[in-house]
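Undergrad:
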Amino acid sequence: MLIAKSQSGKMMDLSLKKKSDIQALKKKKWYCPSCQEVVIIKNGNVMCSHFAHKQKSDCSSFSENESKEHLLGKKLIAENCKKFSIPYELEAFLPDLKQRPDILVANKYAIEFQCSPLSISRFKERTATYQDNGYQVIWILGEKLHLTSKLTKLQKNFVYLSKEIGFYLWELDVIKKQIRNNYYLVATSKKLLRREKNWNLSHVNFLQILTYSNQKNKKQFYELETEIELFHQLGQWNHQLNQRMPKEMFLQQYFYSKRLNLRELPCELMLPSYKSVLFQEKELILRHAIYELLMNKKEVTKEQLYEKVFQSFKEEEMESYLLVGKKRLIKYHTSLYLCFLLQSGIVIKKENTFIFQMKKLNIRQIEKEILGIPLKYVMINK
Numbered sequence: 000m001l002i003a004k005s006q007s008g009k010m011m012d013l014s015l016k017k018k019s020d021i022q023a024l025k026k027k028k029w030y031c032p033s034c035q036e037v038v039i040i041k042n043g044n045v046m047c048s049h050f051a052h053k054q055k056s057d058c059s060s061f062s063e064n065e066s067k068e069h070l071l072g073k074k075l076i077a078e079n080c081k082k083f084s085i086p087y088e089l090e091a092f093l094p095d096l097k098q099r100p101d102i103l104v105a106n107k108y109a110i111e112f113q114c115s116p117l118s119i120s121r122f123k124e125r126t127a128t129y130q131d132n133g134y135q136v137i138w139i140l141g142e143k144l145h146l147t148s149k150l151t152k153l154q155k156n157f158v159y160l161s162k163e164i165g166f167y168l169w170e171l172d173v174i175k176k177q178i179r180n181n182y183y184l185v186a187t188s189k190k191l192l193r194r195e196k197n198w199n200l201s202h203v204n205f206l207q208i209l210t211y212s213n214q215k216n217k218k219q220f221y222e223l224e225t226e227i228e229l230f231h232q233l234g235q236w237n238h239q240l241n242q243r244m245p246k247e248m249f250l251q252q253y254f255y256s257k258r259l260n261l262r263e264l265p266c267e268l269m270l271p272s273y274k275s276v277l278f279q280e281k282e283l284i285l286r287h288a289i290y291e292l293l294m295n296k297k298e299v300t301k302e303q304l305y306e307k308v309f310q311s312f313k314e315e316e317m318e319s320y321l322l323v324g325k326k327r328l329i330k331y332h333t334s335l336y337l338c339f340l341l342q343s344g345i346v347i348k349k350e351n352t353f354i355f356q357m358k359k360l361n362i363r364q365i366e367k368e369i370l371g372i373p374l375k376y377v378m379i380n381k
């Protein structure tokens with residue numbers, strides 16, 4: 000912890016002090032602002048200078064295993080806020096919430112710098128508490144949780160969604176003093192696609208960094224060859240079904256109940272080849288719900304489509320991604336699938352109504368697919 004209070008009740012922020020000045024402060028008595036227990040100053044050469052509880056403390060607000068990375072990360076953001084005159088409170092105690100974000104910025108953003116794995120239930124509890132009390136929580140991931148070749152189950156919970164940059168998550172590199180935004184996250188059967196934007200905290204206003212997800216950027220695109228991608232996807236499913244992998248068995252069972260075979264799904268469900276980084280293959284259920292409704296009713300509104308999709312997912316089958324929201328997640332992927340249906344001529348739009356055209360696609364006639372942000376999908380025929 001970087002904050003403690005003196006015997007007179009005055010708060011002391013060690014992130015603003017030099018090591019030589021901190022050494023003199025060790026002679027005074029300091030208290031935890033949360034549990035009121037006596038704390039001591041640790042001012043060594045390995046860790047960032049900080050306050051620590053004595054052994055066997057029962058304080059629930061602060062961890063005694065706080066890492067060097069975590070202390071440095073909080074210090075970097077606090078220094079940035081001070082430099083650019085941004086209102087902030089380090090380790091702010093929010094009594095109504097009984098939670099203490101690493102930094103409260105502009106009395107609006109609850110910044111959580113997460114350096115080690117935590118349970119998803121704990122993540123949801125903390126996030127929901129912030130959201131229910133009007134705070135915008137920003138989870139920033141430390142080195143152990145940085146993105147690699149795919150999203151883990153835990154990492155998926157830290158993903159945000161923006162109209163301008165798609166799915167994204169935040170990371171902090173304390174050595175380089177850089178905040179990174181991994182954005183435009185899209186899954187294919189082969190790999191996770193992404194773009195990166197980096198800022199140096201020594202030079203760029205932290206509030207400006209946080210608003211990047213809402214800023215208009217130049218249009219960007221991904222492109223893939225359709226036949227190659229689908230061949231690879233079907234090969235994966237064959238292997239995973241033979242291994243009786245739970246996710247693929249669930250999908251196979253779902254489509255079997257609809258008199259379809261996962262290995263032989265029609266092109267109208269297999270496309271777009273791009274998949275949600277959160278739904279992944281379960282996005283096929285969303286597509287089937289939309290396609291089935293259009294085929295049966297012939298003419299439907301977007302609201303009817305949303306309702307049908309929501310009904311298609313049982314509550315226990317839907318992950319609760321609090322930083323995106325279930326409804327927003329489903330609406331985004333419904334819109335993407337409708338882009339495909341319109342672009343391929345399977346449906347046409349008349350005012351607010353989508354009209355089914357009974358058109359079948361031939362996969363061999365499609366050369367490649369292009370996905371752009373803001374959301375745009377295009378097929379290129381041979």
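Residue numbers (numbering that gives the first Met the number 0): 0 to 381.
Even for Gly, the Cβ is constructed at its ideal location relative to N, Cα and C.
Source: prediction; values computed, not measured.
Taking only three categories from DSSP, how would you classify Asp101?
TA: Residue 101 sits at position 102 when you count from the first residue of the sequence shown. Of the three classes helix, strand and coil, the one that applies to Asp101 here is coil, per DSSP.
Undergrad: For Ile289, would you say it is in contact with chain D, using Cβ-to-Cβ distances shorter than 8 angstroms as the test?
TA: In the structure shown, chain D does not exist; there is a single protein chain.
Undergrad: Near Asn213, what residues of its chain come up, given a Cβ to Cβ distance below 7 angstroms and the 5 sequence neighbours on each side ignored?
TA: Here residue 213 corresponds to residue number 214 of the sequence shown, with the count starting at 1. Only Ser161 and Glu163 meet the Cβ criterion.
Undergrad: Restricting to runs no shorter than 4 residues, where is the alpha helix (DSSP H) found entirely within the stretch 324-355?
TA: Whole alpha helix (DSSP H) segments, 4+ residues: 325-343.
Undergrad: Do the stretch 350-369 and the stretch 263-279 make contact, defined as three or more Cβ pairs closer than 8 angstroms?
TA: Flag = yes, the stretch 350-369 and the stretch 263-279 touch.
Undergrad: DSSP has Lys281 in a bridge; who is on the other side?
TA: Translated into the one-based positions of the sequence shown, residue 281 becomes position 282. Lys281 pairs with nothing; no bridge assigned.
Undergrad: Closest by CA to Arg327, which one among Ser48, Gln35, Tyr159 and Leu1?
TA: The count along the sequence shown starts at 1 and reaches residue 327 at position 328. Measuring from the Cα of Arg327, the nearest candidate turns out to be Tyr159.
Undergrad: For Met11 and Asn197, I'd like the C-alpha separation in whole angstroms.
TA: Taking the sequence shown and counting its residues from 1, one reaches residue 11 at position 12. Taking the sequence shown and counting its residues from 1, one reaches residue 197 at position 198. Looking at the two C-alpha atoms, the distance is approximately 32 angstroms.
Undergrad: I need the DSSP call for Ile174, collapsed to helix, strand or coil.
TA: Counting from one through the sequence shown, the residue named residue 174 turns up at place 175. Of the three classes helix, strand and coil, the one that applies to Ile174 here is coil, per DSSP.
Undergrad: If you draw a straight line from the alpha carbon of Ala127 to that of Leu250, how long is it in whole angstroms?
TA: Numbered from its first residue, the sequence shown carries residue 127 at position 128. Numbered from its first residue, the sequence shown carries residue 250 at position 251. So the alpha carbons of these two residues sit roughly 30 angstroms apart.
Undergrad: Within a Cβ cutoff of 7 angstroms, which residues of the same chain sit near Arg194, ignoring the five residues on either side of it in sequence?
TA: Working through the sequence shown from its first residue, we reach residue 194 at position 195. Around Arg194: Tyr182, Tyr183 and Gln219.
Undergrad: Starting from Glu111, follow its DSSP beta bridges and name the residues at the other end.
TA: The count along the sequence shown starts at 1 and reaches residue 111 at position 112. Looking at the DSSP assignment, Glu111 forms a beta bridge with Trp138.
Undergrad: May I ask which residues mark the beginning and end of the beta strand (DSSP E) holding Thr300?
TA: Position 301 of the sequence shown, counted from the start, is the residue given in the question as residue 300. Where Thr300 is concerned, the enclosing beta strand (DSSP E) stretches over Glu298 to Thr300.
Undergrad: Considering Ile369, what are the terminal residues of the beta strand (DSSP E) in which it resides?
TA: Along the sequence shown, read from residue 1 onward, the residue named residue 369 stands at position 370. Run containing Ile369: Ile365 to Ile372, per the beta strand (DSSP E) assignment.
Undergrad: Tell me whether His49 sits in a helix, a strand or coil according to DSSP, three-state version.
TA: As a position in the sequence shown, residue 49 is number 50, starting the count at 1. Strand, per DSSP.
Undergrad: Could you check what DSSP says for Ser161 in three-state terms: helix, strand or coil?
TA: Position 162 of the sequence shown, counting from 1, holds the residue named residue 161. Of the three classes helix, strand and coil, the one that applies to Ser161 here is strand, per DSSP.
Undergrad: Going by beta carbon distance, what residues of the same chain come within less than 7 angstroms of Met378, once the five residues before and after it are set aside?
TA: Working through the sequence shown from its first residue, we reach residue 378 at position 379. Closer than 7 angstroms at the Cβ level, and outside the excluded window around Met378, lie Gln342, Ser343, Ile365 and Glu368.
Undergrad: Pair every Cβ in the stretch 197-207 with every Cβ in the stretch 242-249, then say whether three or more of these pairs are closer than 8 angstroms.
TA: The stretch 197-207 vs the stretch 242-249: no contact.
Undergrad: Do Leu322 and Phe157 come within 8 angstroms of each other at the CB atom, strictly closer than that value?
TA: Residue 157 sits at position 158 when you count from the first residue of the sequence shown. Residue 322 sits at position 323 when you count from the first residue of the sequence shown. Closer than 8 angstroms, so yes.
Undergrad: Could you give the distance in angstroms between the alpha-carbon of Leu233 and the alpha-carbon of Ile178?
TA: For the purposes of this step, residue 233 is taken as residue 234 along the sequence shown, with counting starting at 1. For the purposes of this step, residue 178 is taken as residue 179 along the sequence shown, with counting starting at 1. Cα to Cα, the separation comes out at about 38 angstroms.
Undergrad: Within the continuous beta strand (DSSP E) that includes Asp131, where are the two ends?
TA: Position 132 of the sequence shown, counting from 1, holds the residue named residue 131. No beta strand (DSSP E) contains Asp131, which is instead part of the alpha helix (DSSP H) from Ile119 to Asp131.
Undergrad: Grab me the residues of His231's own chain with a C-beta within less than 8 angstroms of its C-beta, minus the 5 sequence neighbours each way, in chain order.
TA: By 1-based counting over the sequence shown, the position of residue 231 is 232. Result list for His231: Ser188 and Lys189, in chain order.
Undergrad: Compare the Cα-Cα distances from Lys348 to each of Ser311, Gln235 and Glu298 and report the closest residue.
TA: Looking up residue 348 in the sequence shown gives position 349. Checking every option, the nearest Cα to that of Lys348 belongs to Glu298.
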